[in-house]
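S.K.: Here the protein sequences come in this chain order: R and D.
For the first sequence, my numbering gives the first residue as 1, with consecutive numbering after it.
For the second sequence, my numbering gives the first residue as 1, with consecutive numbering after it.
Built from N, CA and C at the ideal position, the CB exists for glycine as well.
Protein chains: 2
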Amino acid sequence: MSVTIKDIAAAVGLSTASVSRILNGRGRYSAASAKRVQAAAAELGYFKNRSAADLASPQQRRTIGVINYLAATNANDQVIQGILAEARERDVEVTIMYAQRDNQASITRVVKSMIERQVFAVLFLSVRPDQTVVDTLRQARIYPQEVASASDLNISSVSSDDFQIGYQATDLLLRRGYRRIAFVGADPQKDIIGRYRYAGYTAALQAYDVTPAKEWLFIGDGQYSYHSGLAAVTDFSEHPQTAVDAVFATSDDTALGIVNGLYDLGRPFSPGSLAVIGVDGSSTCTRARPQLSSMTQSFDLIGRTAVAEAVHAGDQVDQIKRIEIPFTIEERQTTPTKK
Amino acid sequence: MSVTIKDIAAAVGLSTASVSRILNGRGRYSAASAKRVQAAAAELGYFKNRSAADLASPQQRRTIGVINYLAATNANDQVIQGILAEARERDVEVTIMYAQRDNQASITRVVKSMIERQVFAVLFLSVRPDQTVVDTLRQARIYPQEVASASDLNISSVSSDDFQIGYQATDLLLRRGYRRIAFVGADPQKDIIGRYRYAGYTAALQAYDVTPAKEWLFIGDGQYSYHSGLAAVTDFSEHPQTAVDAVFATSDDTALGIVNGLYDLGRPFSPGSLAVIGVDGSSTCTRARPQLSSMTQSFDLIGRTAVAEAVHAGDQVDQIKRIEIPFTIEERQTTPTKK
DNA sequence: CTGAAAGCGCTTACAG
DNA sequence: CTGAAAGCGCTTACAG
Numbered sequence: 001m002s003v004t005i006k007d008i009a010a011a012v013g014l015s016t017a018s019v020s021r022i023l024n025g026r027g028r029y030s031a032a033s034a035k036r037v038q039a040a041a042a043e044l045g046y047f048k049n050r051s052a053a054d055l056a057s058p059q060q061r062r063t064i065g066v067i068n069y070l071a072a073t074n075a076n077d078q079v080i081q082g083i084l085a086e087a088r089e090r091d092v093e094v095t096i097m098y099a100q101r102d103n104q105a106s107i108t109r110v111v112k113s114m115i116e117r118q119v120f121a122v123l124f125l126s127v128r129p130d131q132t133v134v135d136t137l138r139q140a141r142i143y144p145q146e147v148a149s150a151s152d153l154n155i156s157s158v159s160s161d162d163f164q165i166g167y168q169a170t171d172l173l174l175r176r177g178y179r180r181i182a183f184v185g186a187d188p189q190k191d192i193i194g195r196y197r198y199a200g201y202t203a204a205l206q207a208y209d210v211t212p213a214k215e216w217l218f219i220g221d222g223q224y225s226y227h228s229g230l231a232a233v234t235d236f237s238e239h240p241q242t243a244v245d246a247v248f249a250t251s252d253d254t255a256l257g258i259v260n261g262l263y264d265l266g267r268p269f270s271p272g273s274l275a276v277i278g279v280d281g282s283s284t285c286t287r288a289r290p291q292l293s294s295m296t297q298s299f300d301l302i303g304r305t306a307v308a309e310a311v312h313a314g315d316q317v318d319q320i321k322r323i324e325i326p327f328t329i330e331e332r333q334t335t336p337t338k339k
Numbered sequence: 001m002s003v004t005i006k007d008i009a010a011a012v013g014l015s016t017a018s019v020s021r022i023l024n025g026r027g028r029y030s031a032a033s034a035k036r037v038q039a040a041a042a043e044l045g046y047f048k049n050r051s052a053a054d055l056a057s058p059q060q061r062r063t064i065g066v067i068n069y070l071a072a073t074n075a076n077d078q079v080i081q082g083i084l085a086e087a088r089e090r091d092v093e094v095t096i097m098y099a100q101r102d103n104q105a106s107i108t109r110v111v112k113s114m115i116e117r118q119v120f121a122v123l124f125l126s127v128r129p130d131q132t133v134v135d136t137l138r139q140a141r142i143y144p145q146e147v148a149s150a151s152d153l154n155i156s157s158v159s160s161d162d163f164q165i166g167y168q169a170t171d172l173l174l175r176r177g178y179r180r181i182a183f184v185g186a187d188p189q190k191d192i193i194g195r196y197r198y199a200g201y202t203a204a205l206q207a208y209d210v211t212p213a214k215e216w217l218f219i220g221d222g223q224y225s226y227h228s229g230l231a232a233v234t235d236f237s238e239h240p241q242t243a244v245d246a247v248f249a250t251s252d253d254t255a256l257g258i259v260n261g262l263y264d265l266g267r268p269f270s271p272g273s274l275a276v277i278g279v280d281g282s283s284t285c286t287r288a289r290p291q292l293s294s295m296t297q298s299f300d301l302i303g304r305t306a307v308a309e310a311v312h313a314g315d316q317v318d319q320i321k322r323i324e325i326p327f328t329i330e331e332r333q334t335t336p337t338k339k
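Okay, here's the thing in structure tokens:
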């Protein structure tokens, strides 16, 4: 039905082998033949059938799979930008598919589809595979890698140093004079990122001899969400004895929740109200008023590094490498010196 | 290298034909054989080779292509959510690829890849193909469709009624008592959405006998951007004779720019300052302070309808159908009655 | 420089 | 219920 190289071959009076060579610019052929083939292909409206080409010539390590998820705000877009850029430079294809974040059935379905499509690596963008999925991939000789996230599993990852993010953020607040610093948004018990950031947070406090009260920990939904920030403010205001004077919000969204919570309470942010620093460095930071200070992750570089690593890993699918990408501290208006 | 149905066939002592039938649940086979084949498949770690399956059995109308682009803020995520949901219900696959928004070379490259992958339709999510691309698709018997966007091209589209968006937004402002209403963010000359919204805007004004001054039109970068809103405020404040009292911002981002511009000028939004209504109904609206009134598009429904239409169009690739999805008006805090 | 032939892994009438 | 065989469209040694 659709036009094939056979049609082109017939049109120009060459074999399909020659047509194939010419179309792919491989092997030897005369310029004259090439010209006629190209013309015929254009004329007939020929397009390669990828399935056939892939089947005939199983390109090893040609396409990389990316599993993303849809969220309200998604820092993953920046990671994807990096992935696509690096992939283009390295001439590898990228197949992006969506899964539901913590739904293993959904993840399993997508992973299966990835395997069927012969990807040589799959990058999990903030979606957490379970061990079974990871094992399945390795068995299929596919390199699994977490990106912008890390878990307890035996799997490679490219992300920021979450302990340091927690440490540096808290340290900044301490240096600005705050002492009663809350930790809001992530769940130190349930997720490894939260655990590391919390560890950094407590270590920084310890260096200043402050012992966090348990009321300083506000988890909310544990999803690094805007809503957790909002809820935290209400909670703090209802328990004035908690008397926190600053918060380390585990995401910019959460930080925005804090600032908005203050606003909604009728005492909008001001130096002296409640300092706050978030994490990510998303566009939210400069679009909020006041603008949010943030531990800014290099998402683009994380994405780029992820594909570089995947390509590099080759078929060493069992290799486990945890790479940490540098972040920066962007101070804006929500971390003034304590007055 | 990887395990094939041949391996399974050998393992259980059946032909590949039988294995294929069993694995696909097609045709007749004994329960006993099925059991053994399933077991062997699991045991050996078998995964179908999609390329081979697709080649052997070219599933007509099985996968739909979606061309997306990466932007700072992206309402497309909601559209994609709708697309994926509808596609799952209809049992069609979705292949999502990214192009650079107004870069025809990039779009052409992606479209070519889509054709090679035998999609039966391609949905352009706010990316604008040119006529050549559209023609190419049709020639390849692929149904082209714009989604959440519309152009002058002869191509089907699923989007909101932009004239009405412009009309109703402006009308709301008029009903609230505003008369000197600016139009900010889109370029009525250069893009069809902007044109329709602007037409709606002027029609609404006309109904109230107001003639828009040309200073009321502030285009900025013409990209419906946050920055255009910010710049508009500066512009208006530098030309006090313009004296606009409200703005119809052609996106929520632009509306946020207006509100933030006011803040940055030291006279934060308040009833009496400058009313503003945006378009989209994105999460920005409820996360901004004040919360933004917005012409809320049904992006999920737009996405769903797009796949329904594509499936429905079948191979009528030349069919042109422009579908308009209802929107709603969400009034929040930025459109108080004029005082 | 070009062609005949085999093969990629799977599917599907067609026989039996 | 099962198998032999052909075929999907392309690629690639291998000859010539």
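So which residues on chain D does Y226/R lean against when the C-beta distance must stay under 7 Å?
M.R.: What you label residue 226/R is simply residue 226 of the first sequence in a count that begins at 1. In chain order: R287.
S.K.: How long is the line joining the alpha carbons of V244/R and W216/R, rounded to whole angstroms?
M.R.: Within the first sequence, residue 244/R is the residue found at index 244, counting from 1. Within the first sequence, residue 216/R is the residue found at index 216, counting from 1. Their Cα atoms are separated by approximately 7 Å.
S.K.: Label R28/R either buried or exposed according to how many other C-beta atoms from any shown protein chain fall within 10 Å of its C-beta, with 16 as the threshold for buried.
M.R.: Walking along the first sequence from the start, residue 28/R turns up at place 28. Exposed, by the Cβ-count rule.
S.K.: CA-CA distance, V3/D and L55/D?
M.R.: If you number the second sequence from 1, residue 3/D lands on position 3. If you number the second sequence from 1, residue 55/D lands on position 55. For V3/D and L55/D, the distance between alpha carbons rounds to 18 Å.
S.K.: Between the segment 12-28 of chain D and the segment 304-321 of chain R, do three or more beta carbon pairs fall short of 8 Å?
M.R.: In short, these stretches do not touch, since the Cβ pair count stays below three.
S.K.: When Cβ atoms are compared, which residues of the segment 263-283 of chain R fall closer than 9 Å to chain D?
M.R.: Here the close residues are Y263, D264, P268, S283.
S.K.: Once the 5 residues before and after Q241/D are set aside, which same chain residues still bring their CB inside 7 Å of it?
M.R.: Locating residue 241/D in the second sequence gives position 241, counting from the first residue. Nothing listed; no residue qualifies.
S.K.: Name the residue from F327/R, N154/R, Q131/R, L125/R whose alpha carbon lies nearest to the alpha carbon of V307/R.
M.R.: On the first sequence, residue 307/R is found 307 positions in, with the first residue counted as 1. Measuring from the Cα of V307/R, the nearest candidate turns out to be L125/R.
S.K.: So, do the segment 259-274 of chain D and the segment 228-241 of chain D have three or more beta carbon pairs nearer to each other than 8 Å?
M.R.: Verdict: yes, contact present.
S.K.: Under a CB-based cut-off of 8 Å, is N260/R close to chain D?
M.R.: Against the first sequence, residue 260/R aligns to sequence position 260. Interface residue, yes.
S.K.: Report the three-state DSSP secondary structure of I142/R (helix, strand or coil).
M.R.: Taking the first sequence and counting its residues from 1, the one referred to as residue 142/R is at position 142. DSSP places I142/R in coil when its eight states are reduced to three.
S.K.: At a CB-CB cut-off below 8 Å, which residues of chain D make contact with R90/R?
M.R.: In the first sequence, the residue the question calls residue 90/R occupies position 90. Within 8 Å Cβ-Cβ: nothing; R90/R doesn't reach chain D, min ~16 Å.
S.K.: If you compare alpha carbons, which of T95/D, R287/D, T328/D, A105/D is closest to V66/D?
M.R.: The sequence position of residue 66/D within the second sequence is 66, counting from 1. Minimum Cα distance to V66/D is reached at T95/D.
S.K.: To the nearest angstrom, how far is it from the Cα of T254/D to the Cα of V276/R?
M.R.: Against the second sequence, residue 254/D aligns to sequence position 254. Against the first sequence, residue 276/R aligns to sequence position 276. Rounded to the nearest angstrom, the two C-alpha atoms are 26 Å apart.
S.K.: Between R101/D and the rest of its own chain, which residues show a CB-CB distance below 7 Å, the 5 nearest in sequence each way excluded?
M.R.: As a first step, residue 101/D is located in the second sequence; it is residue number 101 there, counting from the start. Y69, V127, listed in sequence order.
S.K.: Return the residue from the list P326/R, R62/R, R322/R, S298/R that minimises the CA-CA distance to I80/R.
M.R.: Along the first sequence, read from residue 1 onward, the residue named residue 80/R stands at position 80. Selected option, being the one with the closest Cα: S298/R.
S.K.: Quick check: the segment 163-178 of chain R against the segment 139-146 of chain R, are there 3 or more CB pairs under 8 Å?
M.R.: With a cut-off of 8 Å, the segment 139-146 of chain R and the segment 163-178 of chain R do not count as touching, because too few Cβ pairs lie within range.
S.K.: Flag this pair as touching only if the segment 41-55 of chain D and the segment 44-55 of chain R have three or more C-beta atom pairs under 8 Å; answer yes or no.
M.R.: Judged by Cβ distances under 8 Å, the segment 41-55 of chain D makes contact with the segment 44-55 of chain R, as three or more pairs qualify.
S.K.: Compare the C-alpha of S251/R against each of Y226/R, S273/R, V233/R and name the closest.
M.R.: Your numbering for residue 251/R matches position 251 in the first sequence. S251/R has its Cα closest to that of Y226/R, out of Y226/R, S273/R, V233/R.
S.K.: Quick check on G45/R - is its C-beta less than 8 Å from some C-beta in chain D?
M.R.: Translated into positions along the first sequence, residue 45/R becomes position 45. Taking Cβ atoms only, chain D reaches closer than 8 Å to G45/R, which makes this a yes.
S.K.: Identify the continuous beta strand (DSSP E) that holds Y98/D and give its terminal residues.
M.R.: Here residue 98/D refers to the residue found at position 98 of the second sequence. Unbroken beta strand (DSSP E) run through Y98/D: 93-98.
S.K.: Is there a C-beta anywhere in chain R that falls below 8 Å from the one on S51/D?
M.R.: Taking the first residue of the second sequence as position 1, residue 51/D is located at position 51. Closer than 8 Å to some Cβ of chain R, the Cβ of S51/D qualifies, so yes.
S.K.: Leaving out the 5 sequence neighbours to the left and right, which residues in its chain are closer than 6 Å to Q123/R when beta-carbon positions are compared?
M.R.: Your numbering for residue 123/R matches position 123 in the first sequence. Per the sequence shown, the amino acid found at residue 123/R is Leu instead of Gln. Here the set comprises V66, Q145, V147, A306.
S.K.: How is the alpha helix (DSSP H) around T108/R delimited, first residue to last?
M.R.: By 1-based counting over the first sequence, the position of residue 108/R is 108. From DSSP, the alpha helix (DSSP H) with T108/R extends over 104-116.
S.K.: In the DSSP assignment, what are the bridge partners of I181/D?
M.R.: By 1-based counting over the second sequence, the position of residue 181/D is 181. Beta-bridge pairing links I181/D to A246/D.
S.K.: Can you confirm whether D221/D, when its beta carbon is compared against all beta carbons of chain R, has any partner nearer than 8 Å?
M.R.: On the second sequence, position 221 is the one that residue 221/D refers to. Judged by the 8 Å Cβ criterion, D221/D is not in contact with chain R.
S.K.: Taking the beta strand (DSSP E) that F124/D belongs to, which residues open and close that run?
M.R.: As a position in the second sequence, residue 124/D is number 124, starting the count at 1. Residues 121-125.
S.K.: Name, please, each residue of chain D whose Cβ falls closer than 8 Å to the Cβ of A140/R.
M.R.: Here the question's residue 140/R lines up with position 140 in the first sequence. Within 8 Å Cβ-Cβ: S2, G45, F47.
S.K.: Any beta carbon from chain R within less than 8 Å of L377/D's own beta carbon?
M.R.: With chain D running from 1 to 339 in the structure shown, residue 377/D is simply not present.
S.K.: Counting contacts by CB-CB distance shorter than 8 Å, is L55/R in contact with chain D?
M.R.: Taking the first sequence and counting its residues from 1, the one referred to as residue 55/R is at position 55. With 8 Å as the cut-off, L55/R counts as an interface residue toward chain D.
S.K.: Assign E309/D to one of three DSSP states: helix, strand, or coil.
M.R.: Indexing the second sequence from 1 puts residue 309/D at position 309. Helix.
S.K.: Could one say the Cβ of R117/R lies closer than 8 Å to chain D's Cβ atoms, at least one of them?
M.R.: Here residue 117/R refers to the residue found at position 117 when the first sequence is read from its first residue. Interface residue, yes.
S.K.: Roughly how many angstroms lie between the CA atoms of E331/D and I83/D, to the nearest whole one?
M.R.: Counted from its first residue, the second sequence places residue 331/D at position 331. Counted from its first residue, the second sequence places residue 83/D at position 83. Each residue's Cα considered, the two are about 27 Å apart.
S.K.: If we require 3 or more residues per run, which beta strand (DSSP E) segments fall completely within the segment 265-313 of chain D?
M.R.: Within the segment 265-313 of chain D, the complete beta strand (DSSP E) runs of at least 3 residues are 275-280, 293-297.
S.K.: Using the Cα positions of S113/D and F47/R, report the straight-line distance between them to the nearest angstrom.
M.R.: In the second sequence, residue 113/D corresponds to position 113, counting from 1. In the first sequence, residue 47/R corresponds to position 47, counting from 1. Going from the Cα of S113/D to the Cα of F47/R covers about 9 Å.
S.K.: Whose C-alpha, out of V311/D, T335/D, M295/D, is nearest the C-alpha of P326/D?
M.R.: Sequence index remark: in the second sequence, residue 326/D carries index 326 (1-based). The option with the nearest alpha carbon to P326/D is M295/D.
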